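To start, the structure itself, in structure tokens.
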Ligand code: LLP
């Protein structure tokens, strides 16, 4: 990320803070977030989309998808930078509210929201509830009826059939998965999406804001966004023909891919914003409908590249793989409990020895964790200096998204802290868990 450099001794400095100092002050493993970098990415997405969409005459709001990583400070930072916050549970919603983000600037997602979560959203006047099923439409309407008060602002999440993203588990808009309502009509019936839109319009307790589509995550081929946007605009035009209601908003979801490895190229926000703006403008012209207000929900692209994980190396074991290959197994003091992505998705990361400069020739290495499981891999394949040894600090890049937010306590490891660095200062956003924190849950 932008705030990373090496000092005279060859040690990494991030956000003006040498990693050795970080390790001393907060210990390892630790997640380190570069605040200036994160803010710049948030602002960069907002500016890119505002500029490109203004050129075609449409407004746009950028929601930060808090599932990637949310803490009170991060919610404040992104809100400061002009973003709203997209939440996927009562927990995320509560953190955003605690940060002082007004309910009106928050959205609530989920394919199986509880009544408590829906009530919490209504209590705080969230700007939109993204409904994911016909059952939810009925439940939300009943809840508003029983409580009284203003109609709930609703978007309907649809699946456009566009299959995009880095891994099957994170592709969300093809049909054979749990999210959203299909736009495909079958057997002469309305599509599930159309049925849900009509149902929302039928309920005086609900106010239909618009249509939502999220096609997947870690997307590096931008064409899916354009196809999905067109499908959503077509559905919107159909609904207008049918009911006279032209919904005001369309959300195109998140999913903008980042670079995890040296040499990989992230989606460029300016580029993608321009392409998507041009294609929605063309689609709206074809359909002879005015453009709606748009929104997007990037998570990973805002926080992912701004974070790294700092580990300390423990045991190092050379393994003869075959006649030609030797691989160094480098164990660190964390693992699949702080980053499940390699084990879950086969995700690839890059690691470097960051506490010193080494002139030793590099060797093939695999960075592994300390869990009692052989799939506990942090970095599958990486070149590390051949003299890598116990006590070395090792950093894994681009772990800001879906690292801490998917962390577990497997083997009763305590979850690492999240610290922010900025202008040479260190600030703890989430403290390290302790075994006492875990024991506090244990009722004997
Ligand atoms: N909006 C909706 C409705 C979503 O479902 C998601 C991600 C996002 C926005 C944000 O997507 P992003 O811009 O961060 O790609 N745990 C997986 C990713 C799951 C994403 C689920 N939904 C991973 O570690 O790759």
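Residue numbers (UniProt numbering): 11 to 454.
Note that CB positions come from ideal geometry on N, CA and C, so glycine has one too.
Being a predicted model, the structure only gives us computed values, none of them experimental.
Three-state secondary structure (DSSP) of residue i
i           : result
residue 518 : Not covered by the structure: residue 518. The range shown for the chain is 11 to 454.
residue 317 : strand
residue 261 : strand
residue 440 : strand
residue 448 : helix
residue 456 : No answer is possible for residue 456: it lies beyond the span of the chain, which begins at 11 and ends at 454.
residue 90  : helix
residue 425 : coil
residue 168 : strand
residue 111 : coil
residue 270 : coil
residue 83  : helix
residue 174 : coil
residue 435 : strand
residue 311 : helix
First and last residue of the uninterrupted alpha helix (DSSP H) at residue i
i           : result
residue 279 : 279-297
Beta-carbon proximity check, residue i vs residue j, cutoff 8 Å
i           : j           : result
residue 292 : residue 234 : no
residue 365 : residue 402 : yes
residue 253 : residue 297 : no
residue 118 : residue 97  : yes
residue 59  : residue 283 : yes
residue 3   : residue 109 : What the structure shows of the chain is the stretch from 11 to 454, and residue 3 is not part of that stretch, so it cannot be assessed.
residue 155 : residue 215 : yes
residue 267 : residue 277 : yes
residue 2   : residue 81  : No statement about residue 2 is possible, as the shown extent of the chain runs from 11 to 454 and does not include it.
residue 414 : residue 376 : no
residue 40  : residue 426 : yes
residue 37  : residue 399 : no
residue 130 : residue 141 : no
residue 143 : residue 120 : no
residue 42  : residue 392 : no
residue 239 : residue 299 : no
residue 166 : residue 222 : yes
residue 389 : residue 406 : yes
residue 63  : residue 288 : no
residue 48  : residue 313 : yes
residue 305 : residue 88  : no
residue 341 : residue 356 : no
CB-CB length for residue i against residue j, believed under 8 Å
i           : j           : result
residue 132 : residue 107 : In fact, because the Cβ distance is near 13 Å, the residues do not count as touching under 8 Å.
residue 220 : residue 259 : 3 Å
residue 412 : residue 378 : With a Cβ gap of about 20 Å, residue 412 and residue 378 do not count as contacting.
residue 164 : residue 217 : 7 Å
residue 315 : residue 410 : 7 Å
residue 209 : residue 147 : 5 Å
residue 95  : residue 111 : 5 Å
residue 423 : residue 19  : The pair is not a contact, with the Cβ atoms about 31 Å apart (cut-off 8 Å).
residue 25  : residue 45  : 7 Å
residue 395 : residue 372 : 6 Å
Start-to-end residues for the beta strand (DSSP E) that takes in residue i
i           : result
residue 103 : Unbroken run through residue 103 is the alpha helix (DSSP H), 100-108; no beta strand (DSSP E).
residue 94  : 94-97
residue 414 : Run containing residue 414: none; DSSP gives neither H nor E here.
residue 71  : 70-75
residue 304 : 303-306
residue 14  : 14-16
Residue i beta carbon near the ligand GDP (any heavy atom closer than 7 Å)
i           : result
residue 228 : Judged by which ligands are present, the ligand GDP is missing from the structure shown, whose ligands are the ligand LLP.
Kindly provide the ranges of any alpha helix (DSSP H) runs that are 4 or more residues long and lie completely inside the stretch 189-254, ordered along the chain. 202-212 and 233-253
Whole runs of the alpha helix (DSSP H) within the UniProt domain "Orn/DAP/Arg decarboxylase 2 C-terminal" (315-410), excluding any shorter than 4 residues: Taking only runs of at least 4 residues, the alpha helix (DSSP H) segments lying wholly in the UniProt domain "Orn/DAP/Arg decarboxylase 2 C-terminal" (315-410) are 351-355.
Quick one: which unbroken alpha helix (DSSP H) runs of 4-plus residues sit fully inside the stretch 117-163? Chain order, please. 125-133 and 144-157
So within the stretch 29-67, which uninterrupted alpha helix (DSSP H) runs reach at least 4 residues, ignoring any that extend past its ends? 29-36 and 45-65
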